[in-house]
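**Student:** With the first letter of the sequence shown counted as 1, position 234 gets the number 249 in the numbering used here; the numbers rise by one all the way through.
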Amino acid sequence: MKHRRDVIATGLQLGEGCIWDQARSKVHFVDIEGFTIYSYSLHDKTLEAFNMGDYVGCIALNDQGDLIAAVRNKIIRLNLSTGMQEPVMQISLPAHIRFNDGKLDPYGNLWVGTMAIDQNHPKAQGAGSLYCIKEGRVISKYDGFTISNGLVWNPSGDKFYHIDTPTQKIDVYDVVEEGVLSNKKTAVFIDEKEGAPDGMCMDGRGQLWVAMWGGGKVQCYDPGTGAKIKEVQVPDPNVSCCIIGGGNKNLLFVTTAQDEHNNLGKLYMFTGDHMQEEWY
């Protein structure tokens with residue numbers, strides 16, 4: 016697949032967490048290790064930055080148009096108009112653990128995972144958890160993950176897809192009720208030669224688009240069969256997150272991270288003549 020590719024932002028240590036804001040025609044994303052949330056406007060091509068003072072694992076957009084940010088072990092509400100930061104809650108985590116990927120579920124609750132800051136830490140494996148947070152309190156928690164990533168719900172809200180990156184799998188759960196998951200199964204197995212699965216989003220056909228860390232691409236999978244359908248090549252090896260956006264859902268935004276040669280990460284925007292048909 017050949018697409019037009021634009022570089023929207025550069026200089027990211029660990030670009031991640033991109034989300035599409037339809038009302039503002041903006042894409043919001045984070046630099047986890049740069050402690051910063053960014054907001055890019057497609058209308059006027061401007062980029063705003065909000066320093067959060069610590070690791071920003073993920074962001075989500077609430078009904079009021081504010082960003083809900085998972086910052087190390089705190090949940091913070093960010094007003095995009097004023098830049099004001101309002102603490103919502105704090106979770107007691109070990110010093111070597113931080114928040115990572117997260118999203119809002121169909122009920123409006125924030126699901127956010129955790130991981131060890133240093134993956135070489137002797138207690139990194141299995142140290143992560145997955146929290147469901149409703150109105151400033153934890154209503155459920157699932158343990159035993161190493162790098163919790165790639166949270167997605169299907170359109171009907173009865174299936175939840177999740178990645179624990181080192182397992183090389185996309186797992187699917189039944190959503191029994193608000194905050195309750197059961198019947199874990201593996202939907203997709205990913206060969207290590209493709210890279211490690213990181214961030215993930217779903218298109219209008221129910222297909223899963225997965226950022227491949229170390230693989231230099233975004234891959235699309237059919238969760239029903241586990242088959243790879245297509246892929247988009249990215250110039251940087253450490254591809255971390257992806258989201259479909261644009262007024263016609265015809266754009267793919269992709270974040271990347273610094274590589275082993277100290278080349279910093281970027282936010283890319285992919286489009287093409289037939290992108291809308293392919294992605295939505």
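Backbone N, C-alpha and C define an ideal beta-carbon position, used for all residues, glycine too.
What you are looking at is a predicted structure, and each value in this text was computed from that prediction instead of being measured.
1. Please classify residue 193: does DSSP put it in a helix, a strand, or coil?
2. What residues are listed by DSSP as bridge partners for residue 46?
3. Which value, in whole angstroms, describes the spacing of the CA atoms of residue 157 and residue 107?
4. Spell out the partners DSSP gives residue 297 in its beta bridges.
5. Taking the beta strand (DSSP E) that residue 87 belongs to, which residues open and close that run?
6. Look at the alpha carbon of residue 23 and the alpha carbon of residue 181, and state the distance between them as a whole number of angstroms.
7. In the structure shown, what three-state DSSP assignment does residue 150 receive?
8. Shorter than 7 Å, the distance from the beta carbon of residue 150 to the closest heavy atom of the ligand ZN, or not?
9. Is residue 246 helix, strand or coil when you go by DSSP?
10. Which whole-angstrom value describes the C-beta separation of residue 143 and residue 163, a residue pair presumed to lie in contact below a C-beta threshold of 8 Å?
11. Who does residue 117 pair with in a DSSP beta bridge?
12. In this structure, how does DSSP classify residue 275 when only helix, strand and coil are distinguished?
13. If you follow the beta strand (DSSP E) that residue 234 is part of, which residue opens it and which one closes it?
14. How about the stretch 226-246 and the stretch 255-262: do they share at least three Cβ pairs that are nearer than 8 Å?
15. Relative to the alpha-carbon of residue 53, which residue among 45, 189 and 206 has its alpha-carbon at the smallest distance?
16. Decide if the stretch 112-130 is in contact with the stretch 93-100; the criterion is three or more beta carbon pairs, one per stretch, under 8 Å apart.
17. In the structure shown, what three-state DSSP assignment does residue 180 receive?
18. Expressed to the nearest angstrom, what Euclidean distance is found between the alpha-carbon atoms of residue 58 and residue 38?
19. Okay, do the stretch 165-185 and the stretch 209-221 touch, 3+ Cβ pairs below 8 Å being the bar?
20. Starting from residue 162, follow the beta strand (DSSP E) in both directions and report where the run begins and ends.
21. Going by DSSP, what residue range makes up the beta strand (DSSP E) through residue 37?
22. Helix, strand or coil for residue 174? Go by DSSP, reduced to three states.
23. Let's see if you can read the secondary structure: which residues bound the beta strand (DSSP E) around residue 227?
24. Going by DSSP in three states, residue 264 sits in which element: helix, strand or coil?
25. Rounded to a whole number of angstroms, what is the C-alpha to C-alpha distance between residue 295 and residue 122?
**Tutor:** Well, looking at it:
1. Note: residue 193 maps to coil in three-state DSSP.
2. Per DSSP, 30 and 51.
3. Going by the C-alpha atoms only, they are around 15 Å apart.
4. Residue 297 lies beyond the residue range present for the chain, which begins at 16 and ends at 295; the question has no answer from this structure.
5. First-last for residue 87: undefined, no H or E at that position.
6. Spanning the alpha carbons of residue 23 and residue 181 requires a straight line of approximately 29 Å.
7. In this structure, DSSP gives residue 150 a state outside helix and strand, which the three-state scheme calls coil.
8. Among the ligands in the structure shown, none appear at all, so the ligand ZN cannot be discussed.
9. DSSP places residue 246 in strand when its eight states are reduced to three.
10. For a cut-off of 8 Å, the C-beta gap from residue 143 to residue 163 is around 5 Å, short enough to register as a contact.
11. DSSP, once it has assigned bridges, lists 127 as partnering residue 117.
12. Shown here, residue 275 sits in coil according to DSSP, grouped into three states, outside any helix or strand.
13. Segment 232-236, the beta strand (DSSP E) holding residue 234.
14. Contact between the stretch 226-246 and the stretch 255-262 is present, because at least three Cβ pairs lie under 8 Å.
15. Residue 53 has its Cα closest to that of 45, out of 45, 189 and 206.
16. The stretch 112-130, when compared against the stretch 93-100, does not touch it at the 8 Å Cβ threshold.
17. Here residue 180 sits in helix by DSSP.
18. Their backbone Cα atoms lie some 12 Å apart in a straight line.
19. By the criterion of at least three beta-carbon pairs nearer than 8 Å, the stretch 165-185 is in contact with the stretch 209-221.
20. Element bounds for residue 162: n/a, residue is neither H nor E.
21. Neither: residue 37 is in no beta strand (DSSP E) and is coded neither H nor E.
22. If DSSP states are grouped into helix, strand and coil, residue 174 belongs with the strands.
23. Per DSSP, residue 227 belongs to the beta strand (DSSP E) from 223-228.
24. When DSSP states are grouped into helix, strand and coil, residue 264 belongs to the coil group.
25. Low per-residue confidence applies at residue 295: pLDDT is 48, beneath 50, and the placement is therefore not dependable, though the value from the model is reported in the following sentence. When rounded, the distance between both Cα atoms is 23 Å.
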